[in-house]
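When we follow my numbering, the leftmost residue of the sequence shown carries the number 7, and every step to the right adds one.
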Amino acid sequence: MSGREALSGREALGILKVGIIGHKGFVGSAFYELFSSDKKYEVLGIEKENYEQLKGGRFHLLINANGNSSKPLAEKTPFLDFEMNVCSTANFLQDFSFEHYIHISTVEVYGDASQQQNTLEDTPINSLSLSNYGFSKHLSELAVKKYAKSWLILRLAGLVGKNMKKGPAFDILSSSRLFVSQDSSYQYLNTLDVASIAKSLAERGCWNDVYNVVGKGSMRLSELARMCDAKLSQTAGKEVHFNVSCAKLESKMRVPTTRETLEKFIQGWKNSSGQ
């Protein structure tokens, strides 16, 4: 039986094929874990090692959790960032066939994410005023809107979860050292909650739309440090604030708060480290 015939047989049984690009990454691994736990999906992880083998494949749903997520790298090497975010997205849209497409983006596309009124999903974006990182992410969104017939764009903010390796929350938990001001305020969601929200939106048919998928409310990093019993060794740095609207997402479902997300994650972190 050919691969195409086998796929048709599985589809006849109601099993839907999902491809996840970047399935071993911080965000992609959460999507892989969640979708793999649902028997109505057959999930394939797409990476460099099997890309050519899977190229040309057909999917019910293709999820792009790939690309550059480092703002410092984008500032240092903007054209590499462009290649990793914009060019790679164009390649994925061309190299695979799919009914639906989920694109992981960022609230950095707003430029100023400190005020809710500036972060509504239909807020006009001045692309030339964005950071290199926000610019490449914005352009990748435009490519998706232009070339995918059925798409869902998710703009993320702060994240915690399995395999966390960077960010202010990681810095506080792992070394008590910060590279931004302790007075900065962030929003956080667990990566598994992000995947669950995305899955719910997809299964409800919320296509051709954009959602801010962020924790409700923000928290100062100084308060996060107190929750972790961490004594910060570095408090100087730029003050950064996130206050992104999640009202649109809340109209569809309950959104976890930043506080409950962090309390649950920190408790699990302490338990795993024997504290």
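Note that CB positions come from ideal geometry on N, CA and C, so glycine has one too.
Beta carbon of residue i nearer than 7 angstroms to that of residue j
{"i": "T197", "j": "L148", "result": "no"}
{"i": "A293", "j": "L160", "result": "The first residue shown for the chain is 7 and the last is 281, placing residue 293 beyond what the model contains."}
{"i": "H144", "j": "S156", "result": "no"}
{"i": "E65", "j": "K30", "result": "Checking the sequence shown, residue 65 turns out to be Phe, not Glu. No, Cβ-Cβ distance for F65 and K30 is not below 7 angstroms."}
{"i": "C234", "j": "I272", "result": "yes"}
{"i": "I26", "j": "F98", "result": "no"}
{"i": "L60", "j": "I52", "result": "yes"}
{"i": "A71", "j": "V115", "result": "no"}
{"i": "V113", "j": "V250", "result": "yes"}
Residues that DSSP places opposite residue i in a beta bridge
{"i": "V216", "result": "I159"}
{"i": "M90", "result": "DSSP lists no partner for M90."}
{"i": "H106", "result": "L67"}
{"i": "V186", "result": "K244"}
{"i": "E147", "result": "In DSSP, E147 forms no bridge with anything."}
{"i": "L50", "result": "G25"}
{"i": "T95", "result": "Answer is none; T95 lacks a bridge partner."}
{"i": "G164", "result": "Y194"}
{"i": "K222", "result": "T263"}
{"i": "T112", "result": "L162"}
Inter-residue CB distance, residue i and residue j (contact presumed, cutoff 8 angstroms)
{"i": "K208", "j": "I108", "result": "The sequence given here places Ala at residue 208; Lys does not occur at that position. Going by Cβ atoms, the distance from A208 to I108 rounds to 7 angstroms, so yes, they are a contact pair."}
{"i": "S187", "j": "G274", "result": "Not a contact, Cβ separation roughly 27 angstroms."}
{"i": "E105", "j": "L67", "result": "7 angstroms"}
{"i": "A142", "j": "N91", "result": "In the sequence under discussion, the amino acid at residue 142 is Ser, which differs from the Ala named in the question. The Cβ separation is near 4 angstroms, so the contact holds."}
{"i": "G140", "j": "G117", "result": "6 angstroms"}
{"i": "L268", "j": "L227", "result": "In fact, because the Cβ distance is near 11 angstroms, the residues do not count as touching under 8 angstroms."}
{"i": "F102", "j": "G73", "result": "Actually they do not touch by this definition, with Cβ atoms about 16 angstroms apart."}
{"i": "D199", "j": "P130", "result": "Not really, about 29 angstroms apart at Cβ, beyond 8 angstroms."}
{"i": "S137", "j": "K77", "result": "7 angstroms"}
{"i": "G20", "j": "K46", "result": "6 angstroms"}
Same chain, Cβ closer than 6 angstroms to residue i, neighbours up to 5 away in sequence not counted
{"i": "H247", "result": "S120, S191"}
{"i": "S239", "result": "S182, R183"}
{"i": "S42", "result": "V49"}
{"i": "Y153", "result": "L99"}
{"i": "F176", "result": "M170"}
{"i": "P84", "result": "N138"}
{"i": "Q122", "result": "N249, S251"}
{"i": "N277", "result": "none"}
Same chain, Cβ closer than 7 angstroms to residue i, neighbours up to 5 away in sequence not counted
{"i": "T264", "result": "Q193, Y194, G221, K222, G223, S224, M225"}
{"i": "S135", "result": "G117"}
{"i": "D189", "result": "R226, S228, E245"}
{"i": "N214", "result": "S156, W157"}
{"i": "I110", "result": "V33, N70, A71, L160, L162"}
{"i": "K151", "result": "W157"}
{"i": "C93", "result": "none"}
{"i": "Y38", "result": "I26, H29, V49, G51"}
{"i": "A201", "result": "A36, F37, L40"}
{"i": "S206", "result": "M259"}
{"i": "N124", "result": "Y116, D118"}
{"i": "S75", "result": "none"}
{"i": "A12", "result": "Interpretation of A12 is limited by its pLDDT of 44, a score under 50 that renders its predicted location unreliable; the figure taken from the coordinates is listed afterwards. No residues qualify anywhere along the chain."}
Spatial neighbours of residue i in its chain, beta-carbon cut-off 8 angstroms, leaving aside the 5 residues before and after
{"i": "K171", "result": "F32"}
{"i": "I178", "result": "L184, L227, L230, A231, C234, A236, L238"}
{"i": "P174", "result": "G164, L184, F185, V186, S190, Y192, L227, L230"}
{"i": "R210", "result": "K258"}
* **Contact the segment 80 to 98 vs the segment 219 to 227: 3+ CB pairs below 8 angstroms** => Three or more beta-carbon pairs separated by less than 8 angstroms are not found between the segment 80 to 98 and the segment 219 to 227, which leaves the two stretches without contact.
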